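Numbering (the working numbering), first residue to last: 349 to 487. Just so it is clear, CB atoms sit at the ideal spot from N, CA and C, and this is done for glycine as well. Remember, it's a predicted structure, so these values are computed and weren't measured experimentally. Shown next, in structure tokens, is the structure this report addresses.
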């Protein structure tokens, strides 16, 4: 995928390459020696909105970890999985529409303390601690 951050704080992801199944996924990230290095990490305080464009299937592990001012996330119809800790500790996120998401993995929204309005897909699978330390009522 490619990404662009505009001056209004919108971080937009576009699909560029497909896997064997014809899908595009946002990359997974990990902490190495306790440090998480995201390509957009130096702009973390500026990011207020994430837009993931149609054609992207999975939201990568830790992709938006601890973005303190992230208040809005726009997911495409193609997004069906949110991986481990993808939005952990995004403390400004209050609302998200997950109607298209089939799998919400472990800790995906852990610590999103302002999060209270979530729309879920019917039959969604929710991993351990996915909404711990939030105000979300699970289906």
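Who are residue 420's beta bridge partners in DSSP?
-> 397
Mind checking residue 391: buried by the 16 CB within 10 Å criterion, or exposed?
-> exposed
Cα-Cα separation between residue 407 and residue 430, rounded to whole angstroms = 5 angstroms
Starting from the C-beta of residue 362, find all residues in its chain whose C-beta is less than 7 angstroms away, skip the five residues before and the five after it, and write them out in chain order.
-> 349, 350 and 401
By Cβ distance, which residues of its chain are closer than 8 angstroms to residue 425, with the 5 residues on each side in sequence left out?
-> 402 and 448
Local Cβ density within 10 Å of residue 382, reported as buried at 16 or more and exposed below that = exposed
DSSP bridge partner residues for residue 354 (one or two, in chain order) | In the DSSP output, where bridge partners are listed per residue, residue 354 has none listed.
Three or more beta-carbon pairs under 8 angstroms between the segment 407–416 and the segment 430–440, yes or no?
-> yes
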